[in-house]
Amino acid sequence: MKRVITYGTFDLLHYGHINLLRRAKSLGDYLIVVLSSDEFNWNEKQKKCYFSYEKRKQLLEAIRYVDLVIPENSWEQKVSDIKEYHVDTFVMGDDWVGKFDFIEDETDASVVYLPRTPEISTSQIKKDLEAKKKNQGE
Ligand code: C2G
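Numbering follows the UniProt record's numbering, with no gaps: position 101 of the sequence shown is 101.
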């Protein structure tokens, strides 16, 4: 069984995330999503999530490509996660290109960066909602 792992906040979940998860799963048979905890998001990424960890986990677990969701509590857990779960392939969107190459030196896993889905992001969604609200107000 080929195991794939990926990391992220996945809030607000959108089709860019789904594209990433679908392609990640296509690289193996079992996809582990390591989901950033609320504390990790706030302390390390200054991201205030719209949905709590539990709600984001519930959403991800409903996605056909996802087999397991576990928490991400630190930047440093990737090597131990990969070893603990016998992961063959580590996948991230290419906005992270180069940032995790060390994983190939420290584990048996290969590192794959997949092209991001252009034009969609959580900040874009929030901007569009703000603009719509403003237009309706006028
Ligand atoms: N993504 C994508 N296309 C988008 C938006 C996101 O392919 N339009 C990908 C990102 O490249 C990432 C994944 O979806 O691989 C999750 O994105 P985020 O939730 O923004 O995750 P991030 O904040 O990058 O956290 O330790 C690693 C971090 O936890 C990654």
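Yeah, the Cβ is synthetic: ideal placement off N, Cα and C, and Gly gets one too.
Cα-Cα separation, residue i to residue j
i, j, result
"S74", "G137", "42 Å"
"R3", "K133", "43 Å"
"T6", "E72", "10 Å"
"D101", "T89", "12 Å"
"E39", "A109", "28 Å"
"I18", "G28", "16 Å"
"K25", "K127", "30 Å"
"Q77", "Y53", "18 Å"
"M92", "N135", "36 Å"
"E61", "E84", "20 Å"
Contact test: residue i Cβ vs the ligand C2G heavy atom, cutoff 6 Å
i, result
"D95", "yes"
"R64", "no"
"R116", "yes"
"Y30", "no"
"M92", "yes"
"T89", "no"
"F10", "yes"
"Y85", "no"
"S110", "no"
"I70", "no"
Residue i, buried or exposed, once every other Cβ within 10 Å from all chains shown has been counted against 16
i, result
"S36", "buried"
"K48", "exposed"
"G98", "exposed"
"R64", "exposed"
"L114", "buried"
"I82", "buried"
"K55", "exposed"
"N41", "buried"
Distance between beta carbons of residue j and residue i, contact taken as under 8 Å
i, j, result
"L21", "L31", "7 Å"
"S121", "G16", "7 Å"
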